[in-house]
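Numbering (this note's numbering), first residue to last: 275 to 811. Glycine included, every Cβ here is placed at the ideal spot set by N, Cα and C. Given the structure is predicted, the values throughout are model-derived calculations rather than measurements. For reference, the structure is listed below as structure tokens.
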């Protein structure tokens, strides 16, 4: 009996040893397996990190080659581009020291005319191949970034900005990059009504979001601040950053990289090239009231040709020195013309000019078209619906009043004002959720710019920039006349559409390149990092 009990105890001990051995092996196996998974994940993270790092190395290479590059004649510039193309041909992404490729993809940007435009586009690509887990196939993470070389001012590379302070009050919505030396944001703003300046409040901060067009797909908008420590909001900085963290990246930049616009210098430069002599063949016919007549009135020229002659003249002038123009006239009226001058010609106006376009109910075929560039030595006033394909410079004030500016296909108005820029009574008290008129234009002023989108609904497809300070006040949703007349604080709808929308149009850099302000050196800038993932073959 005792022998049997001793045998049972031994069997029990052996069984327990086996069980603990199995359990130990399971734990060991799980530990080893987990260690391998951790090691695999670490390798994957490291591989992806190296691929992203390689992109940045490519950016540094291009920047070091072209940054502070002084502009040359086009043939010499193209020779330098060819030399760089040859340099990067050896970078095929397989070298352990150079894990990226650089390709000249300028030809993919169909709007760039390389014989007259300094803009060039390079694409940097890097890949990381990571093993799949659980029997899944290996995956390739492909990163890319496009680098743009452009002989354009800083202003034209941003949807909204100011050389000094950019103050965004209320809740405007900006799609594209933003530039400022100092950036302030607030949920509170004000508007002008008569002689009063009532306050308003919104529930949302300004929205800065990526631009998504056929040519640019941003993952994040780039907010460039010359003094990063000067970024602040009037209410709560952290709330804004938490709300918008996925939409944009704050980027600290060097002040000396800013390339400004001097409208006076540019105006004089263009005038020296395009201001014609005072003779009858270069004078647009003006009636005694200062009207520049269009198709239905008395005209001297049509479609770029002097009537009655075969010779094409590309520059025309409106001046009191022209024959038949009384000296007492100091304002000229351009209205209801059907392409008064030929495309890409220049019209020089000595004095103030009003451009009065079509009103509601006018068929599209009868909409006023301005396809020439304008040099206005005075004030400019634009009213009504007008189709623009023009670079326009004014030495005085520029006012856009109750207007709908239509671009011709991918073209737009590029307006550079030496004095104040005023945009007022646009789509007044209209519903921002409906398709209202758009200002297809890029606006620039050497002076301060104040935008009010409370009663107005302003949608700018192009951009706006101040050579000094820019303040934008915008609420959301529907606003009615009695809201404004009451003078009480207006609380914008939290979910309503913004009454100020700025959508950057990158084609401003490519179109009208010869008519845009000149700069002394190339600008090097990029879009955001792109990523796509696919199974390895």
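Rounded to the nearest whole angstrom, the CA to CA distance from residue 541 to residue 651 is 9 Å. About 7 Å separates the CB atoms of residue 689 and residue 718; that is less than 8 Å, so the two are in contact. The C-beta distance from residue 533 to residue 797 rounds to 6 Å, short enough to fall under 8 Å. In the displayed model, residue 775 falls within a strand according to three-state DSSP. Closest in C-alpha terms to residue 561, from the list 805, 547 and 594, comes 594. Nearest Cα to residue 774 within the set 439, 454 and 480: 480. Where residue 543 is concerned, the enclosing alpha helix (DSSP H) starts and stops at 537 to 548.
Linking residue 607 to residue 527 through their CA atoms gives a straight-line distance of about 44 Å. Burial state of residue 411 is exposed, judged by a 10 Å Cβ sphere holding fewer than 16 other Cβ atoms.
According to the DSSP assignment, residue 678 belongs to the beta strand (DSSP E) that extends over 672 to 681. Residue 651: member of the beta strand (DSSP E) spanning 647 to 651, first to last residue. Annotation: the continuous alpha helix (DSSP H) that includes residue 353 extends over 348 to 362.
Cβ-Cβ distances below 6 Å link residue 687 to 662, 664, 679 and 715 in the same chain, with the five nearest sequence neighbours on each side left out; the list follows chain order. Here residue 750 is buried: its Cβ has 16 or more other Cβ atoms, across all protein chains shown, within 10 Å. When rounded, the separation of the alpha-carbon atoms in residue 803 and residue 755 is 45 Å. Note on residue 283: under 16 other CB atoms within 10 angstroms of its CB, so exposed under the neighbour-count rule. Nearest to residue 441 by C-alpha distance, out of 319, 565, 458 and 327, is 458. Rounded to the nearest angstrom, the Cβ distance from residue 455 to residue 501 is 6 Å, consistent with a contact under 8 Å.
It is roughly 46 Å from the alpha-carbon of residue 693 to the alpha-carbon of residue 375. Taking a cut-off of 8 Å for Cβ pairs, the segment 426 to 439 and the segment 465 to 473 do not touch, as fewer than three such pairs fall below it. By the neighbour-count criterion, in which a residue is buried when 16 or more other Cβ atoms sit within 10 angstroms of its Cβ, residue 353 is exposed.
For residue 421, the enclosing beta strand (DSSP E) has its first and last residue at 413 to 424.
Counting the other CB atoms within 10 Å of its CB gives residue 296 a total below 16, which places it among the exposed residues. Excluding the 5 residues flanking it on each side, residue 392 has same chain C-beta neighbours closer than 6 Å at 425, in chain order. Three or more beta-carbon pairs separated by less than 8 Å are not found between the segment 739 to 748 and the segment 784 to 794, which leaves the two stretches without contact. For residue 555, there is no enclosing beta strand (DSSP E), as DSSP gives it neither H nor E. Where residue 395 is concerned, the enclosing beta strand (DSSP E) starts and stops at 394 to 404. Around the beta carbon of residue 363, fewer than 16 other beta carbons lie within 10 angstroms, which makes this residue exposed. In this structure residue 786 is buried. Its beta-carbon is surrounded by 16 or more other beta-carbon atoms within 10 angstroms.
Under the three-state reduction of DSSP, residue 712 is assigned to coil, being neither helix nor strand.
Cβ-Cβ distances below 6 Å link residue 321 to 402 and 404 in the same chain, with the five nearest sequence neighbours on each side left out; the list follows chain order.
Here residue 781 carries a helix assignment [DSSP, helix/strand/coil]. Inter-residue distance for residue 558 and residue 592 is about 6 Å (C-alpha atoms, whole angstroms). For residue 523, the CB contacts under 8 Å within the same chain, skipping 5 residues up- and downstream, are 494, 495, 496, 497 and 802 in chain order. Counting C-beta atoms within 10 angstroms of its own C-beta, residue 539 has fewer than 16 neighbours from the protein chains shown and is therefore classed as exposed.
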